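Peer 1: Chains as they are written, first to last, in this note's numbering: chain X, 1068 to 1535; chain Z, 1068 to 1535.
Have a look at this one.
See the structure below:
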């Protein structure tokens, strides 16, 4: 037991202080799994920060992960599933026996239940739903039908609601009443609904405390801000920026209150969206974690890479068309990758700024012309600066001022082109209804590669007498 | 007036429906600024979603932006400043007269006040602080001293606190009392402090409602989870993931309660961090918006680009060393940029996955070996696939099977190298205390460019007799 006590007393692991200790922790977790020692597993994992516990779980083999989720208390298993990114959480749950999966899913909030169930194949989903309370299962079925990143997809089905004829005293008693499970509604205000189930008012805590206990809610409520199930994440972010509410009531097309979307759920969805856009910029499609099977990771990455090979062949065909020029001035081959890489970098900066301005909402697709003019001024300055710089490098390196002029002029012109394309392409893709994060980069680099190769090689062909 | 009424009744603008209308809106805003028509400006901007109103503001010249912030009601001006990203908000505020800047800053939460004041130059900051209530100014001075992305830097200075001897009735009355300004404490639980100002308890709403009004808080409180001012954003995210609180009390080293950090502030900081990492990946340093001065945008981008030119020259020197080989087999020049680009892409995928796993906390710097082994298997599969593909392209395009073999083998080997470096470099940079987002990409592509050029050209030199 001394070892365990020591472990529990250790400060939370940080990169510095657990470097020597964690192999032991990992081995202990593995030993506890092998021994099916549920108590020991709980003692090892529960004191850790959730991300550290999840790290331990994901470091195990898939079979051992199943065992951990079966052995530890349901609350801890659910917390681990909740901490895991979507795709990993789905994988963890779909491998479990249905009854255990249902136990774990049962303690999650209804929005997370729906996310998980929606990602399972239909046989697993039906089997797990059959294990839940019929009412909970019905809520989940309803939530699964809504689109991701809309109020319907982000809300919880439970709302803290009272009829318009209820008294203040009844609401205050429900705070106290164990049955009402106030914690599930944390941060929600009590919503007042009419006989059709439509939210017609919201009451503040202060309003409840100031009013007489016998007062009807209808007398102290104020008009609520209501969103519909198809309100987008962007619009929800905007509403929460503008107002200080912790939750907003969500209604169906017929006006019935069907759930509540919380500020925390919106913030989490925005963070997840930002992170998945970053990944897509780097050519990672889907939600890869290294705990996933190798063939799946490999296949997803290859899909993106093979598309990229095609684009590269197209760009390279420009070089191929000028092989004679190249053969005559072989030094040019040294600078072709530089011109294409530098232009790609300049263009990507412009893509980055446009993506950011899009996500902040300060530009819209129709602002393409204004964005282009703004990029043009930066492009001219940076094109001149970089062109002069690389021109001097080429001149002194290869001892030919004309070579410097060709490379410098090509980079200068191509920089202007690259920032123009980089600044505007995400807006055009968005206007066409495409996700700009995934396609902007490859589109940009293909065009700037082709243009860069063409500019260098055609200028060189023109000035050939001075270059050899 | 008919025009204005029509405008106010218009649905909130979306990319689809305001394309023809917004030029008019922009012109109207400009006309209202020129006419110094405060009422008209308010009527135009207030009904818009905040992001749309900010878009209108940022589309104006710097002088006109100043005028808008002077003319509109303080609450709206503050909302616009709050909606703007950090750097833009600072720029907006520092151009204003000090008294107006102080009016706007006065209505912001203290964490935002500190962010803004901290970014101003010291003369502006002092002048604005002098206009605030001495107590508020003292709070801001205190908050400015804390590091960004720690509990101290993210907390608000106002805490909803009561002495341990206060009664339940006193707390309930304070909810009702206009003075207590309950909205400022939204989502906070009442904290109970001892005579030294240390948080010794927290009381729940249910606890307050169940207890007698004459009960002392000391009798119904539970022990609070407390963080110190230097708790990091990562650790705070972990705590909020684990617990359902909407806020956590923050203490100084001496244990005194000095503020409260809210779940919403943590979520916002995490989102901002994710977005700025994306930008850094794309070579955008700082917080560029196109409303900033051209020379500033240009200079920041150039700093990053010139560093990149140096790396490119280093990589290109490998090609330069093999000019004879190139001259003999000029077709190789067609494939050099392809090999370097494809390897860069494969490596960036691995960087992306590692960055994501770092941000989720499922890998740590010491896991470099495990990450490398995981990448190796993907690298071998993808290297073989891409190598065969590009080898076939080269063979059929240039009609030489040996050329195909050289290019294919070089890409296969370089893919394995690229994913190894891409997977591990962010971990090594993090271990060295560097921000992995900014440096991983350039480091990766320089190494993979050099290795790719070297592999293609040295293999070609070896097999020269078969290539010509």
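A virtual CB, placed ideally from N, CA and C, is assigned to each residue, including glycine.
Given the structure is predicted, the values throughout are model-derived calculations rather than measurements.
1) What is the rounded straight-line gap between the Cα of residue 1157(X) and the Cα of residue 1186(X)?
2) Closest to residue 1476(Z) by C-alpha separation, out of 1529(Z), 1310(Z) and 1198(Z), would be which residue?
3) With 8 Å as the limit, tell me which residues of the region 1115-1135 of chain X have their beta carbon closer than that to any beta carbon of chain Z; keep them in chain order.
4) Under 9 Å between the Cβ atoms of residue 1173(Z) and residue 1193(Z)?
5) Residue 1486(Z) and residue 1431(Z) - do their beta-carbons sit closer together than 9 Å?
6) I'd like to check one pair, residue 1407(X) with residue 1515(X): are the Cβ atoms closer than 9 Å?
7) Only counting runs of 4 or more residues, tell me where the alpha helix (DSSP H) segments fall wholly within the region 1333-1402 of chain Z, in order along the chain.
8) Just the chain X side, please: which residues come within less than 8 Å of residue 1402(Z) by C-beta, in chain order?
9) Just checking my contact of residue 1349(X) with residue 1418(Z) at CB under 8 Å: how many whole Å lie between their CB atoms?
10) Would a check of beta-carbon distances place residue 1348(X) closer than 9 Å to chain Z?
11) Buried or exposed, going by whether 16 or more other CB atoms sit within 10 Å of the CB of residue 1370(X)?
12) Could you check whether the Cβ of residue 1379(Z) sits closer than 9 Å to any Cβ belonging to chain X?
13) By the criterion of Cβ-Cβ separation under 9 Å, what are the contact partners of residue 1239(X) in chain Z?
14) Nearest chain Z C-beta to residue 1416(X) closer than 9 Å, yes or no?
15) What does residue 1364(X) reach in chain Z if we use C-beta pairs closer than 7 Å?
16) Is the distance from the Cβ of residue 1399(X) to the Cβ of residue 1473(X) below 9 Å?
17) Assess, as a yes-or-no matter, whether the region 1340-1359 of chain X is touched by the region 1152-1171 of chain X under the definition of 3 or more beta carbon pairs within less than 8 Å.
18) Output yes if chain Z places a C-beta closer than 9 Å to the C-beta of residue 1376(X); else output no.
19) Give the DSSP-derived three-state secondary structure of residue 1097(Z) in the structure shown.
20) Nearest CA to the CA of residue 1101(Z): which residue from 1118(Z), 1131(Z) and 1121(Z)?
21) Run through DSSP, which three-state label would residue 1246(Z) get?
22) For residue 1098(X), does the count of other Cβ atoms within 10 angstroms reach 16, so buried, or fall short, so exposed?
23) Tell me, to the nearest whole angstrom, how far the beta carbon of residue 1217(X) is from that of residue 1305(X); I am working on the premise that it is less than 8 Å.
24) Mind checking if residue 1522(Z) is an interface residue toward chain X, Cβ cutoff 9 Å exclusive?
25) Taking 9 Å as the CB-CB cut-off, is residue 1162(Z) touching chain X?
26) List the residues that DSSP assigns as beta-bridge partners of residue 1512(X).
27) Please list the partners that residue 1369(Z) has in chain X, where partner means a Cβ-to-Cβ separation under 7 Å.
28) Pull up the distance between the alpha-carbon of residue 1175(X) and that of residue 1175(Z), whole angstroms please.
29) Hey, residue 1345(Z) and residue 1506(Z): beta-carbon distance below 9 Å or not?
30) Just tell me which of 1355(X), 1441(X) and 1329(X) has its CA closest to the CA of residue 1363(Z).
31) Taking the alpha-carbon of residue 1224(Z) as reference, which of 1203(Z), 1232(Z) and 1214(Z) has the nearest alpha-carbon?
32) Output needed for residue 1103(X): all residues of its chain with C-beta closer than 8 Å, excluding positions within five of it in sequence on either side, in chain order.
33) Name, going along the chain, the residues of the region 1432-1444 of chain X whose beta-carbon falls closer than 7 Å to a beta-carbon of chain Z.
34) For the beta strand (DSSP E) containing residue 1463(Z), name the first residue and the last one.
35) Take residue 1212(Z) as the anchor and find which of 1184(Z), 1451(Z), 1236(Z) and 1334(Z) has the nearest alpha-carbon.
36) Measure the alpha-carbon distance for residue 1111(X) versus residue 1163(X) and round it to whole angstroms.
Peer 2: If we stick to the structure as given:
1) For this step, residue 1157(X) is matched to residue 90 along the first chain. For this step, residue 1186(X) is matched to residue 119 along the first chain. Distance between the alpha carbons of residue 1157(X) and residue 1186(X): 6 Å.
2) Within the second chain, the letter at position 409 stands for residue 1476(Z). Here the closest residue by C-alpha is 1529(Z).
3) Here the close residues are 1116, 1117, 1118, 1119, 1121, 1122, 1125 and 1126.
4) In the second chain, counting from the first residue as 1, residue 1173(Z) sits at position 106. In the second chain, counting from the first residue as 1, residue 1193(Z) sits at position 126. No, these two residues do not count as a Cβ contact at 9 Å.
5) Taking the second chain and counting its residues from 1, one reaches residue 1431(Z) at position 364. Taking the second chain and counting its residues from 1, one reaches residue 1486(Z) at position 419. Between residue 1431(Z) and residue 1486(Z), the C-beta spacing is not below 9 Å.
6) By 1-based counting over the first chain, the position of residue 1515(X) is 448. By 1-based counting over the first chain, the position of residue 1407(X) is 340. Residue 1407(X) is positioned such that its CB atom lies closer than 9 Å to that of residue 1515(X).
7) DSSP runs (the alpha helix (DSSP H)) wholly in the region 1333-1402 of chain Z: 1361-1388 and 1390-1395.
8) Looking up residue 1402(Z) in the second chain gives position 335. Those are 1383, listed as they occur along chain X.
9) Residue 1349(X) sits at position 282 when you count from the first residue of the first chain. Residue 1418(Z) sits at position 351 when you count from the first residue of the second chain. Going by Cβ atoms, the distance from residue 1349(X) to residue 1418(Z) rounds to 6 Å, so yes, they are a contact pair.
10) Numbered from 1 along the first chain, position 281 holds the residue referred to as residue 1348(X). Yes, residue 1348(X) lies at the interface with chain Z (some Cβ there is under 9 Å from its Cβ).
11) Residue 1370(X) sits at position 303 when you count from the first residue of the first chain. Residue environment for residue 1370(X): exposed (fewer than 16 other C-beta atoms within 10 angstroms of its C-beta).
12) Within the second chain, numbered from 1, the residue matching residue 1379(Z) stands at position 312. True, the Cβ-Cβ gap to chain X drops below 9 Å.
13) As a first step, residue 1239(X) is located in the first chain; it is residue number 172 there, counting from the start. 1276, listed in chain order.
14) Position 349 of the first chain, counted from the first residue, corresponds to residue 1416(X). Contacts with chain Z at 9 Å (Cβ-Cβ) include residue 1416(X).
15) In the first chain, residue 1364(X) corresponds to position 297, counting from 1. Here the neighbours are 1445.
16) Indexing the first chain from 1 puts residue 1399(X) at position 332. Indexing the first chain from 1 puts residue 1473(X) at position 406. Yes, the Cβ-Cβ distance between residue 1399(X) and residue 1473(X) is below 9 Å.
17) Counting Cβ pairs under 8 Å, three or more are found: they touch.
18) For the purposes of this step, residue 1376(X) is identified with residue 309 of the first chain, where counting begins at 1. It does: the Cβ of residue 1376(X) has a partner Cβ on chain Z nearer than 9 Å.
19) Your numbering for residue 1097(Z) matches position 30 in the second chain. DSSP places residue 1097(Z) in helix when its eight states are reduced to three.
20) The residue you call residue 1101(Z) lines up with position 34 of the second chain. With respect to the C-alpha of residue 1101(Z), the residue from 1118(Z), 1131(Z) and 1121(Z) having the closest C-alpha is 1131(Z).
21) Here residue 1246(Z) is taken as the residue at index 179 of the second chain, counted from 1. For residue 1246(Z), the predicted structure reports a pLDDT of 49, less than 50, and the residue's modelled location is therefore unreliable. A value from the coordinates is still provided. Of the three classes helix, strand and coil, the one that applies to residue 1246(Z) here is helix, per DSSP.
22) Counting from one through the first chain, the residue named residue 1098(X) turns up at place 31. The Cβ neighbour count for residue 1098(X), taken over all protein chains shown within 10 Å, is under 16; the residue is labelled exposed.
23) Stepping through the first chain from its first residue, residue 1217(X) is reached at position 150. Stepping through the first chain from its first residue, residue 1305(X) is reached at position 238. With a beta-carbon spacing of about 14 Å, residue 1217(X) and residue 1305(X) fall beyond the 8 Å limit used to define contacts.
24) Taking the first residue of the second chain as position 1, residue 1522(Z) is located at position 455. Closer than 9 Å: no.
25) Walking along the second chain from the start, residue 1162(Z) turns up at place 95. No, because no Cβ of chain X sits closer than 9 Å to the Cβ of residue 1162(Z).
26) Within the first chain, the letter at position 445 stands for residue 1512(X). As DSSP reads the structure, residue 1512(X) sits in no beta bridge.
27) Walking along the second chain from the start, residue 1369(Z) turns up at place 302. Residues of chain X passing the Cβ test: 1449 and 1452.
28) Here residue 1175(X) refers to the residue found at position 108 when the first chain is read from its first residue. Here residue 1175(Z) refers to the residue found at position 108 when the second chain is read from its first residue. As the crow flies, the alpha-carbon of residue 1175(X) is around 35 Å from that of residue 1175(Z).
29) What you label residue 1345(Z) is simply residue 278 of the second chain in a count that begins at 1. What you label residue 1506(Z) is simply residue 439 of the second chain in a count that begins at 1. In this structure, residue 1506(Z) does not lie closer than 9 Å to residue 1345(Z) by Cβ.
30) In the second chain, counting from the first residue as 1, residue 1363(Z) sits at position 296. Each of 1355(X), 1441(X) and 1329(X) was checked against the Cα of residue 1363(Z), and the nearest Cα belongs to 1441(X).
31) Sequence index remark: in the second chain, residue 1224(Z) carries index 157 (1-based). Of the candidates 1203(Z), 1232(Z) and 1214(Z), the residue whose Cα lies closest to the Cα of residue 1224(Z) is 1203(Z).
32) The residue labelled residue 1103(X) in the question sits at position 36 within the first chain. Setting aside the 5 residues that flank it on each side, residue 1103(X) is surrounded in the same chain by 1134 and 1138, each with a C-beta closer than 8 Å to its C-beta; the list follows chain order.
33) Cβ contacts with chain Z come from 1432, 1433, 1438, 1441 and 1444.
34) Within the second chain, numbered from 1, the residue matching residue 1463(Z) stands at position 396. No beta strand (DSSP E) contains residue 1463(Z), which is instead part of the alpha helix (DSSP H) from 1435-1465.
35) Working through the second chain from its first residue, we reach residue 1212(Z) at position 145. Selected option, being the one with the closest Cα: 1184(Z).
36) If you number the first chain from 1, residue 1111(X) lands on position 44. If you number the first chain from 1, residue 1163(X) lands on position 96. Residue 1111(X) and residue 1163(X) have their C-alpha atoms spaced approximately 22 Å apart.
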